[in-house]
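*Asks:* Please find one structure pasted underneath; my questions will follow.
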Amino acid sequence: MNCGNLQGFIIDYGRRDFVLDVVTPYQYVKENLELLPFIRYSMTLSGHEGHAYLMEFSIPERHVKEVMEVMHDVRDHVSLLVGTISRDYTRPFI
């Protein structure tokens, strides 16, 4: 069953220390977050009740504060999952 559309962005910012997964039902939030650097992918999930948008960011430690300040501004419109890139604890979805 094909329920999604995957768009990828490949930009090398060097070492990545944290993984941030963001889910939102709002297209305008997705479109604005896609402008952030460190985005790994953006996915649109379609269902019977509408769309949901999933984005994954790979963030160097020196830029975590800036990214989290943006997430703080949209905190009422997103769900977040933050992890390290340690293989013992978490791995990227894709």
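For the sequence shown, this note's numbering assigns the number -18 to the initial residue and increments by one for each residue that follows.
Ideal placement from N, C-alpha and C gives every residue a C-beta, glycine not left out.
Tell me which residue opens and which closes the beta strand (DSSP E) that Y22 is part of.
*Replies:* Your numbering for residue 22 matches position 41 in the sequence shown. Segment I20 to G28, the beta strand (DSSP E) holding Y22.
*Asks:* Going straight from the alpha carbon of A33 to that of I66, what length do you get?
*Replies:* Taking the first residue of the sequence shown as 1, we reach residue 33 at position 52. Taking the first residue of the sequence shown as 1, we reach residue 66 at position 85. So the alpha carbons of these two residues sit roughly 25 Å apart.
*Asks:* For R21, count neighbouring Cβ atoms within 10 angstroms of its own Cβ and tell me buried if that reaches 16, exposed if not.
*Replies:* As a first step, residue 21 is located in the sequence shown; it is residue number 40 there, counting from the start. So R21 counts as buried.
*Asks:* With DSSP as the reference, label E47 as helix, strand or coil.
*Replies:* Here residue 47 refers to the residue found at position 66 of the sequence shown. Helix, per DSSP.
*Asks:* Is the distance from the Cβ of R(-4) to the Cβ of I40 below 8 Å?
*Replies:* The sequence position of residue -4 within the sequence shown is 15, counting from 1. The sequence position of residue 40 within the sequence shown is 59, counting from 1. Result no, Cβ atoms of R(-4) and I40 do not sit closer than 8 Å.
*Asks:* Among V10, H29, H44 and Y9, which one has its Cα closest to the Cα of F19?
*Replies:* Taking the first residue of the sequence shown as 1, we reach residue 19 at position 38. Nearest option by C-alpha distance: H44.
*Asks:* Kindly identify the DSSP beta-bridge partner or partners of H32.
*Replies:* The residue you call residue 32 lines up with position 51 of the sequence shown. H32 pairs with S27.
*Asks:* Is E37 helix, strand or coil by DSSP?
*Replies:* Start at 1 with the first residue of the sequence shown, and residue 37 comes out as number 56. Reduced to three states, the DSSP call for E37 is strand.
*Asks:* Can you round the beta-carbon distance between V3 and V59 to whole angstroms, since I take them to be within the 8 Å contact cut?
*Replies:* To locate residue 3, count along the sequence shown from 1; it is residue 22. To locate residue 59, count along the sequence shown from 1; it is residue 78. Between V59 and V3 the Cβ distance is about 5 Å, and since that is below 8 Å, they are a contact.
*Asks:* Cα separation between V0 and G64?
*Replies:* Along the sequence shown, read from residue 1 onward, the residue named residue 0 stands at position 19. Along the sequence shown, read from residue 1 onward, the residue named residue 64 stands at position 83. Near 5 Å, if we compare the C-alpha coordinates of G64 and V0.
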